[in-house]
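Below is one structure, written out as structure tokens, with a few remarks after it.
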Amino acid sequence: MLFVAIQLILHLSSILDDSHSLWKNWVVFNAIATGTFRPQDAKGNDINLSTYKGKVLLIVNVASQCGLTNSNYTELTQLYEKYKNQGLEILAFPCNQFGSQEPGTNEEIQEFVCTRFKAEYPVFDKVEVNGDNAAPIYKYMKSVKGSLFGDNIKWNFSKFLVNKEGEVVDRYAPTTSPLSIEKDIKKLLEKA
């Protein structure tokens, strides 16, 4: 059923030309909001992404044992503290596809992130971001914002920036520092 819904959404998206890009993104955002793409939090609860409607989202695939872990988690926490009251939400999706650098259970990951980095933003259930079993939200985001070297996520801490209307507006490489995209986040937060 989910596969059919995704195929329908992708078909609808493909038949609309660029002048209807807002509509195309709305179709997909509506599918997310109504539960077609419903991720689970670290405790296994379904999360309706419509709770983030009207917010700027930074969606990141994270790992606890990566060389990028300390700098990224530290800066993500700094950004969240600075902008959470202005409408920024950071959605962290643990992923073990890159060098098995996220081997922990959901509970271990949550404890690590909250204790070591004082993170208050949501940490979701561990997902895959590439391949046939990739989480639907990642399949969609990659289809909208591919990278210079193809659609696949290349490593931990790839970042997607989503505006208040639910449109994926940018994609950043794993080595892009979260603080270096602060100006892009501010610009989206300032839009009415």
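Under mature numbering (1 follows the signal peptide of the UniProt record, and there is no 0), read the sequence shown as residues -21 to -1, 1 to 171, first letter to last.
All residues carry an ideal CB built from backbone N, CA and C; glycine is no exception.
With C-beta atoms as the reference, is Val35 less than 9 Å away from Leu140? In the sequence shown, the residue the question calls residue 35 occupies position 56. In the sequence shown, the residue the question calls residue 140 occupies position 161. Result yes, Cβ atoms of Val35 and Leu140 sit closer than 9 Å.
Quick check: the Cα distance between Lys165 and Gly125, rounded to an integer number of angstroms? Taking the first residue of the sequence shown as position 1, residue 165 is located at position 186. Taking the first residue of the sequence shown as position 1, residue 125 is located at position 146. One C-alpha to the other measures close to 23 Å.
Candidates Asp130, Leu70 and Glu99: closest to residue 211 by CA position: In the structure as shown, the chain starts at -21 and stops at 171, and residue 211 therefore has no counterpart that could be examined.
Jot down the residue ranges of each uninterrupted beta strand (DSSP E) in the region 68 to 148, minimum 3 residues, whole runs only, in chain order. You should have 138 to 141.
Going straight from the alpha carbon of Glu90 to that of Tyr119, what length do you get? Mapped onto the sequence shown, residue 90 falls at position 111. Mapped onto the sequence shown, residue 119 falls at position 140. Annotation: Glu90 to Tyr119 spans about 29 Å, alpha carbon to alpha carbon.
Determine whether the beta carbon atoms of Ala152 and Lys133 lie at a separation below 9 Å. For this step, residue 152 is matched to residue 173 along the sequence shown. For this step, residue 133 is matched to residue 154 along the sequence shown. Cβ distance < 9 Å, so Ala152 and Lys133 count as in contact.
On a CA-only basis, which of Asn131, Arg150 and Ala113 is nearest Pro18? Give me that one, please. The count along the sequence shown starts at 1 and reaches residue 18 at position 39. Checked all of Asn131, Arg150 and Ala113; the closest Cα to Pro18 is Ala113.
Let's see if you can read the secondary structure: which residues bound the beta strand (DSSP E) around Asn40? Translated into the one-based positions of the sequence shown, residue 40 becomes position 61. First-last of the beta strand (DSSP E) with Asn40: Val35 to Val41.
Once DSSP output is grouped into helix, strand and coil, what is the label at Gln65? Sequence index remark: in the sequence shown, residue 65 carries index 86 (1-based). Gln65: helix per DSSP, three-state reduction.
Cα-Cα separation between Glu144 and Glu86, rounded to whole angstroms: For the purposes of this step, residue 144 is taken as residue 165 along the sequence shown, with counting starting at 1. For the purposes of this step, residue 86 is taken as residue 107 along the sequence shown, with counting starting at 1. Those two C-alpha atoms are separated by around 32 Å.
Under 9 Å, do Leu58 and Leu28 count as touching if we go by C-beta distance? Counting from one through the sequence shown, the residue named residue 58 turns up at place 79. Counting from one through the sequence shown, the residue named residue 28 turns up at place 49. The answer is no: Cβ separation not under 9 Å.
Beta-carbon within less than 6 Å of Ser158's beta-carbon, same chain only, minus the 5 sequence neighbours each way: which residues are those? For the purposes of this step, residue 158 is taken as residue 179 along the sequence shown, with counting starting at 1. In the sequence under discussion, the amino acid at residue 158 is Leu, which differs from the Ser named in the question. Here the set comprises Glu54.
As a quick exercise: from Glu146, Pro82 and Phe72, pick the residue whose alpha carbon is nearest that of Ser137. Counting from one through the sequence shown, the residue named residue 137 turns up at place 158. For the residues Glu146, Pro82 and Phe72, the minimum Cα distance to Ser137 belongs to Phe72.
Between the Cα of Pro82 and the Cα atoms of Val106, Pro101, Arg95 and Tyr100, which residue gives the shortest distance? In the sequence shown, counting from the first residue as 1, residue 82 sits at position 103. Checked all of Val106, Pro101, Arg95 and Tyr100; the closest Cα to Pro82 is Val106.
Whole angstroms is fine: what's the gap from Leu47's alpha carbon to Val39's? For the purposes of this step, residue 47 is taken as the residue at position 68 of the sequence shown. For the purposes of this step, residue 39 is taken as the residue at position 60 of the sequence shown. Cα to Cα, Leu47 sits roughly 12 Å from Val39.
Helix or strand or just coil, what does DSSP make of Gln44? Position 65 of the sequence shown holds residue 44. Here Gln44 sits in coil by DSSP.
Top-ranked residue by Cα proximity to Lys162, from Phe16, Pro115 and Lys61: For this step, residue 162 is matched to residue 183 along the sequence shown. Measuring from the Cα of Lys162, the nearest candidate turns out to be Lys61.
Buried or exposed, going by whether 16 or more other CB atoms sit within 10 Å of the CB of Thr56? If you number the sequence shown from 1, residue 56 lands on position 77. Answer is buried; the Cβ neighbour count reaches 16.
Give the single residue among Leu167, Asn135 and Leu168 whose Cα lies nearest to the Cα of Thr155. The count along the sequence shown starts at 1 and reaches residue 155 at position 176. Measuring from the Cα of Thr155, the nearest candidate turns out to be Asn135.
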